[in-house]
Amino acid sequence: MSSTKAVIRDVASHLPAARLTNEDLAAREGAFTAEQIFAKTGIAERPQAAASECASDLAADAARALFAKSGVDPASIDYLIFCTQSPDYFLPASACVLQNALGLPTACGAIDINQGCSGYVYGLSLAKGLIESRQAKRLLLLTGDTYSKYIHPLDRSVCTLFGDGATATLIEAAPDAQGGLGVFQFGTDGRGADKLIVPAGGFRMPRSAETGTESADADGNIRSAENLYMDGRDVFRFAITTVPRSFRALLEAAGWTADQVEFLVLHQANRFMLDELVTRLKFPREKTPYRFEQLGNTVSSTIPLVIEELLDDGRLKPGARLALLGFGVGYSWGGCTLEWV
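In terms of this note's numbering, the sequence shown is residues 5 to 345.
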């Protein structure tokens with residue numbers, strides 16, 4: 005029996021039409037100018053979902069863009085994975101809603117995974133396992149989030165960073181392929197669970213009048229327990245210590261050297277963090293693509309958005325070796341190697 009490899013065939017995206025610019029933010033609360041916000045984050049604007057738009061709506065449009073771009077028939081999809089932290093409902097899974105919205109066959113498996121900035125790598129791992137164990141042949145991996153719905157507009161620790169968006173990745177079985185998805189490396193440190201969190205709204209802390217009460221922190225950021233909270237200093241410490249170790253472990257597992265990696269695709273948190281990581285990794289900046297200036301941090305969509313741009317610009321050639329590294333909420337991190345086919 006021939007060996008089966010899981011390969012990425014195409015990537016597409018969908019972004020909301022509305023944008024939150026630095027000028028909008030500067031006018032809103034006045035502590036910083038638009039130029040200061042850009043200098044600090046490297047972000048100029050962020051896509052913002054409309055009040056009526058859910059993450060699944062964005063993901064459905066990304067999938068439709070993928071079908072149009074690749075020419076793939078939705079009826080040929082036999083598994084759907086949707087990575088989101090902005091689900092439509094507690095239940096059912098948004099993946100079930102998407103299966104129906106996209107006209108996928110009822111023989112199609114469909115699951116949600118609740119992961120943040122490492123979620124795309126986790127989704128690729130599940131896709132590889134399903135395909136290479138012959139449980140699926142053609143898989144649709146969707147990512148989508150609307151963090152703007154969690155963010156208090158006067159909490160500049162997060163409103164300057166995050167954007168909304170969705171991506172769709174087509175992953176197929178390729179018998180005897182030379183390349184495709186390679187090795188994976190994961191990590192979790194739940195001691196950081198409260199460093200990036202929406203505290204209220206689940207069953208641990210149900211919503212109430214108390215959880216909706218807003219207050220200002222020591223830096224003047226306003227939020228309630230129903231909004232996204234981020235301890236930026238601890239998240240930065242986590243990233244700059246964990247990501248270099250993860251990259252070294254990934255290269256060792258793959259049997260690669262750093263100079264064999266054509267592109268290192270990092271989770272696109274912000275320019276300050278990525279510049280620091282590139283320095284610590286001692287990896288060439290020109291081989292570490294950035295795509296956040298017009299998008300912000302789109303959570304699990306940042307890595308596929310970079311891959312999409314590399315592919316559409318013609319920079320991603322057969323045989324190119326990539327290392328993907330996601331890290332964030334949880335704390336959770338994951339990396340994988342990929343040889344483009």
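Note that CB positions come from ideal geometry on N, CA and C, so glycine has one too.
Exercise. In three-state terms, what does DSSP make of T173?
Worked result: T173 falls in the strand class under three-state DSSP.
Problem set entry | Endpoints, the beta strand (DSSP E) within which P51 is located | 49-52
For this session: Report all residues from its chain with a CB closer than 8 angstroms to the CB of T150; omit the five preceding and five following residues, and keep chain order.
Result: Cβ neighbours of T150 beyond the five flanking positions: A53, E57, C58, A59, L62, S90, D168.
Exercise. Quick one: what's D14 bridged to in DSSP?
Worked result: By DSSP's assignment, D14 forms a beta bridge with L174.
Exercise. Do A243 and L281 come within 8 angstroms of each other at the CB atom, strictly closer than that value?
Worked result: Cβ distance < 8 angstroms, so L281 and A243 count as in contact.
Problem set entry | M277 - DSSP class collapsed to helix/strand/coil | helix
Problem set entry | Beta-bridge pairing of M234 - partner residues as DSSP gives them | L200
For this session: Could you check what DSSP says for L255 in three-state terms: helix, strand or coil?
Result: helix
Exercise. Quick one, are the C-beta atoms of L108 and L146 less than 8 angstroms apart?
Worked result: no
Exercise. How big is the Cα-Cα spacing for A35 and R284?
Worked result: 31 angstroms
Exercise. Just curious, the beta strand (DSSP E) that S122 is in, first and last residue?
Worked result: Here S122 belongs to no beta strand (DSSP E), and DSSP marks it neither H nor E.
Problem set entry | DSSP-derived helix/strand/coil call for A69 | helix
For this session: Within its chain, find whatever has a CB closer than 6 angstroms to the CB of V310; leave out the 5 residues flanking it on each side and keep chain order.
Result: V269, P293, R295
Problem set entry | Boundaries (first-last residue) of the alpha helix (DSSP H) holding D316 | First-last of the alpha helix (DSSP H) with D316: 306-316.
Problem set entry | Coil, strand or helix - G148 by DSSP | strand
Problem set entry | Validate contact between the stretch 324-344 and the stretch 182-189 using beta carbons, cut 8 angstroms, 3 pairs | Yes, they touch.
For this session: Give me the Cβ distance between A324 and F251, rounded to the nearest whole Å; I'm assuming they're in contact under 8 angstroms.
Result: Contact doesn't hold; Cβ gap of about 18 angstroms is too wide.
Problem set entry | Test item: CB-CB of R23 and P157 under 8 angstroms | no
For this session: Could you check the C-alpha separation between Y124 and T192 for me, to the nearest Å?
Result: 15 angstroms
Exercise. Based on the DSSP output, what are the partners of G330 in its beta bridges?
Worked result: G338
Exercise. What's the gap between the Cα of A105 and the Cα of A273?
Worked result: 31 angstroms
Exercise. F4 lies in the alpha helix (DSSP H); which residues open and close that run?
Worked result: Nothing can be reported for residue 4, as the shown portion of the chain is limited to 5 through 345.
Exercise. Is it buried or exposed for K321, if we count other Cβ within 10 angstroms and need 16 for buried?
Worked result: exposed
Exercise. Which partner residues of G423 appear in the DSSP bridge assignment?
Worked result: The structure shown does not extend to residue 423, since the chain is modelled only from 5 to 345, so the question has no answer here.
Exercise. Excluding five sequence neighbours on each side, which residues of the same chain lie with their C-beta closer than 6 angstroms to the C-beta of E343?
Worked result: G183, R325
Problem set entry | Residues that DSSP places opposite V269 in a beta bridge | The bridge partners DSSP lists for V269 are L328.
Exercise. Near R13, what residues of its chain come up, given a Cβ to Cβ distance below 6 angstroms and the 5 sequence neighbours on each side ignored?
Worked result: L174, E176
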